[in-house]
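For the numbering used here, add 18 to where a residue sits in the sequence shown, where the first one is 1. Just so it is clear, CB atoms sit at the ideal spot from N, CA and C, and this is done for glycine as well.
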Amino acid sequence: MTEYQAFQVELTGKVAHVAINRPEKANAMNAAFWSEIIDIFRWVDETDEVRVVVLSGNGKHFSSGIDLQLLAQAASQLGNDIGRNAERLRHKILSLQASLNAVDHCRKPVIAAIQGCCVGGAVDLISACDMRYSTADAQFSIKEIDMGMAADVGTLQRLPRIIGDGMMRELAYTGRNVSGEEAQAIGLVNRTYVDHSALMDGVFALAAEIAAKSPLAIRGTKEMIRYMRDHRVDDGLEYMATWNAAMLQSADLKVAMAAHMTKQKPDFAD
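And the structure:
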């Protein structure tokens, strides 16, 4: 397994555990984070043995968001020409967006396990995941507003589809803290757990359950859900018919039906 500066990556069975590994810095998202996450999720996509990803943060906190040193470095590169500054900043923002797009575009389900703080850029990150779970005392905040800027790496684009437009606006305009319990109430997380240990046990049990399903069926389900974010119902149904015209010929259907008839656990190929 590749060694990373900002992450710890392990493959257990069919589940890849991707942990932000800067606990001494509250898992702040530094330069290495933004480049390595693209490589990691490329590996996830290309590795058939990986069927599900659990994304977590080592230590007390999931992540305190973008590393302020990274912002300071970007500011230090600005000169006197407004046009060139704008071009440089736009390129930087698009590159950061691409890093989290790698999570959103991943063919495998990505489950976020959140404890402690999940602030700023970390909310952008979990918004790109399929599902989110947290401890009851976790703290979420779209903190960019208190830094005099608008969140620019995906929160404002993805979160309305998760918690609704009105609630997203409230959190984005105020930057207030949301506890794990409130996060569950508004749909930001699916479920809360009493502590970090229970959270990880619960999330890995869920990941193992998903990993036992047909990987082709999971792939098709995720693709259809993603497609429907930006298309009409009629478009989605047409795409679904075309997709399943091929996928319904998979051996996975025979395996699943035989297992159902015999009341045994199916064993699907990668």
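Nearest-angstrom Cα separation, counted from residue j out to residue i
i           : j           : result
residue 77  : residue 215 : 12 Å
residue 98  : residue 106 : 12 Å
residue 20  : residue 279 : 42 Å
residue 110 : residue 119 : 14 Å
residue 24  : residue 47  : 8 Å
residue 224 : residue 163 : 34 Å
residue 102 : residue 96  : 8 Å
residue 88  : residue 244 : 31 Å
residue 237 : residue 246 : 14 Å
residue 281 : residue 275 : 10 Å
residue 230 : residue 90  : 45 Å
residue 200 : residue 100 : 42 Å
Spatially closest choice to residue i from the options, by CA coordinates
i           : options               : result
residue 114 : 52, 174 and 29        : 52
residue 146 : 189, 73, 273 and 91   : 73
residue 161 : 137, 130 and 197      : 137
residue 153 : 121, 218, 248 and 239 : 218
residue 79  : 130, 252 and 135      : 135
residue 258 : 240, 275 and 129      : 240
residue 83  : 34, 56 and 159        : 159
residue 140 : 221, 112, 50 and 172  : 172
Cross-strand partners of residue i (DSSP beta bridge)
i           : result
residue 218 : Beta-bridge pairing links residue 218 to no other residue.
residue 28  : 35
residue 151 : 131 and 209
residue 81  : 136
Neighbourhood of residue i by C-beta, 7 Å cutoff - its chain only, sequence neighbours within 5 removed
i           : result
residue 155 : 197 and 198
residue 270 : 232, 234, 235 and 286
8 Å CB neighbourhood of residue i in its chain, flanking five on each side removed
i           : result
residue 94  : none
residue 124 : 59, 62, 63 and 71
residue 67  : 29, 32 and 288
Host beta strand (DSSP E) of residue i (start-end)
i           : result
residue 158 : 157–159
residue 74  : 70–75
Element boundaries [alpha helix (DSSP H), containing residue i]
i           : result
residue 114 : 100–122
residue 55  : 49–64
residue 200 : 198–203
residue 282 : Where residue 282 is concerned, there is no enclosing alpha helix (DSSP H), given that its DSSP letter is neither H nor E.
Residue i: CB within 7 Å of a non-hydrogen atom of the ligand FMN
i           : result
residue 176 : For the ligand FMN, the structure offers nothing, since it holds no ligand at all.
Sequence-distant residues of the same chain with beta carbon closer than 6 Å to residue i, five excluded per side
i           : result
residue 130 : 73, 144, 147 and 150
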